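Residue numbers (the numbering used here): 3 to 547.
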């Protein structure tokens, strides 16, 4: 891969394109042209052209920031790496929101929706046909449309409209290294170069020897497990101070095993720090509770599929989040939800565990996600004196998405203007949603329209887990709860409701916070002692002892 990302059609280079777009959107020019257009067809074509122009600028800048992570790693400029990661995270909304507002002013009829947007989409799809990122561009169009209708009860589809995929050759995504067990360190030494770093390794021969020894030891109990090759993504996976080379061991039959090499760049040069080969460890590394990676390979579909191949139990949509394609992840997750509900013919019902006092959480038995809406008013079991309202609670969920979740808080996907078939809901749940969350959910014919909907990865509530867990696992879970609370504090997050019902357990016994209505900024919280009450309560026992 080149250090400079290129678009999949002959357009200007990254720097030129971003500069040409004058701050991501040539709004004034398009607004003037829209105002002077004599016919509606002309306004439709200009609207499609305008949105595509901003998308091109957004995506060029997105790729530029992605490749900048590689440069920051090579120069050991960690503050810049973190700043660019934050900028990339907010780039999508930073371009969609002002564009939608400008379109509302320049072409007010767009707010009516209906056939007009269908015409815009037809022109737009023709313009992006044949591009690798055509589906991402279409998702961007839908985001703009959704934002134009912000605050209205007008659902906009989360989907790709049957866009045709452009498939790159596998050699553009990963390099294959044929080998057998025991693996030769010279093959590993070649594989260490897949990220094309300009900074040399301190001692590549030594690193390769250590990696080869580790891989050989892992496979020794299985006499090599029929090792035929290993494949490494042609990119670096960059995050914070670190970089990773991500690959897989190709074993007998169709078996694949993760092979991830962690890199560190020191004053002496780059060195391999660790080898990850167990699925739980790689799963934790790629968890959506962590910041996303910046991966210097623009083939996001194939990257997500590669990650899925070494972590098959993790839903595909979340792998897009791992590489920072959050909005594509959002669409992919909703596609998974709909397909699962149709295929399994299961109904959405209230999620297992305690009834939420602030949110209504629901799922189906085989669904990988829990969906949430916020109640208009909390239930009688609410612990606090006052309720700040829907907007404040929703802002807390958004904030958690935007911060470093330190591996201890579930990420949130927030949908807007979303419609779901009423027949997918148990009647009692549909009634509850329409009654208790009437500010968020409405019925329109045979569908329920959600002004917003929160989706999270499904976990087992900690209180449910502890009811049946063996003592050894229960102890591990409670110890991990302590680590979770500590990591929350490191992110300047304080959950004032220390209730185990707000935490969930993963299949690997990691604990995550997932309810955020009681989350506060730690530095804004005053902690007062209850020592006096404790002394009174325990004084008799203390005297006896």
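Each residue gets a CB set at the ideal place from its N, CA and C atoms; glycine is no exception. Computed from a predicted structure; not experimentally measured.
Verify whether the separation of the beta carbon atoms of residue i and residue j is less than 7 Å.
i, j, result
"residue 298", "residue 238", "yes"
"residue 102", "residue 41", "no"
"residue 507", "residue 462", "yes"
"residue 469", "residue 449", "no"
"residue 72", "residue 240", "yes"
"residue 130", "residue 139", "yes"
"residue 210", "residue 191", "yes"
"residue 405", "residue 465", "no"
"residue 383", "residue 372", "no"
"residue 408", "residue 493", "yes"
"residue 263", "residue 245", "no"
"residue 497", "residue 521", "yes"
"residue 176", "residue 236", "yes"
"residue 155", "residue 451", "yes"
"residue 516", "residue 398", "no"
"residue 174", "residue 234", "no"
"residue 232", "residue 179", "yes"
"residue 367", "residue 338", "no"
"residue 260", "residue 312", "yes"
"residue 431", "residue 443", "no"
"residue 228", "residue 253", "yes"
According to DSSP, is residue i helix, strand or coil?
i, result
"residue 108", "helix"
"residue 433", "helix"
"residue 498", "coil"
"residue 457", "strand"
"residue 406", "coil"
"residue 527", "coil"
"residue 81", "helix"
"residue 320", "helix"
"residue 74", "helix"
"residue 236", "coil"
"residue 23", "Reliability of the predicted coordinates at residue 23 is poor, the pLDDT of 40 falling under 50, and no value is obtained from them."
"residue 509", "coil"
"residue 364", "strand"
"residue 427", "strand"
"residue 171", "coil"
"residue 92", "helix"
"residue 14", "Low confidence applies here, because residue 14 scores a pLDDT of 32, under 50, leaving its location unreliable; read the following figure in that light. Coil, per DSSP."
"residue 44", "helix"
Just curious, the beta strand (DSSP E) that residue i is in, first and last residue?
i, result
"residue 423", "415-423"
"residue 549", "What the structure shows of the chain is the stretch from 3 to 547, and residue 549 is not part of that stretch, so it cannot be assessed."
"residue 446", "443-446"
"residue 192", "Residue 192 -> not in any beta strand (DSSP E); alpha helix (DSSP H) instead, spanning 187-193."
"residue 566", "The question about residue 566 has no answer here: the residues shown for the chain are numbered 3 through 547."
"residue 177", "176-180"
"residue 156", "Premise fails: residue 156 is in no beta strand (DSSP E) and is neither H nor E."
"residue 373", "371-376"
"residue 248", "244-252"
Could you give the residue range of the alpha helix (DSSP H) that holds residue i?
i, result
"residue 336", "328-346"
"residue 309", "302-312"
"residue 275", "No alpha helix (DSSP H) holds residue 275; the beta strand (DSSP E) holding it covers 271-278."
"residue 476", "473-492"
"residue 465", "464-470"
"residue 265", "Per DSSP, residue 265 belongs to no alpha helix (DSSP H); it is in the beta strand (DSSP E), 258-268."
"residue 221", "206-222"
"residue 117", "117-130"
Out of the options, which has the shortest C-alpha to C-alpha gap to residue i?
i, options, result
"residue 365", "459, 36 and 253", "459"
"residue 419", "184, 390, 487 and 375", "375"
"residue 319", "347, 290, 398 and 296", "290"
"residue 474", "440, 511, 77 and 454", "511"
"residue 213", "525, 251 and 171", "251"
"residue 428", "38, 295, 348 and 228", "348"
"residue 295", "132, 395, 207 and 75", "75"
"residue 134", "486, 109, 170 and 431", "170"
"residue 355", "485, 467 and 380", "467"
"residue 77", "271, 523 and 43", "271"
"residue 1", "314, 84, 307 and 105", "Outside the modelled stretch of the chain, which goes from 3 to 547, sits residue 1, for which no answer is possible."
"residue 495", "478, 524, 480 and 321", "524"
"residue 456", "392, 143 and 96", "392"
"residue 83", "96, 95 and 69", "69"
"residue 488", "513, 315 and 266", "513"
Are any of the Cβ atoms in chain C nearer than 7 Å to that of residue i?
i, result
"residue 32", "Of the chains in the structure shown, none is chain C; there is only one protein chain."
Contact the region 409-420 vs the region 327-336: 3+ CB pairs below 8 Å = yes
Would you call the region 270-278 and the region 296-310 touching, i.e. three or more CB-CB distances under 8 Å?
-> no
For the region 38-52 and the region 118-136, state whether three or more C-beta atom pairs, one from each stretch, are separated by less than 8 Å.
-> yes
Does the region 179-188 come within contact of the region 216-230, defined as at least 3 CB pairs closer than 8 Å?
-> yes
Quick check: the region 79-94 against the region 57-66, are there 3 or more CB pairs under 8 Å?
-> yes
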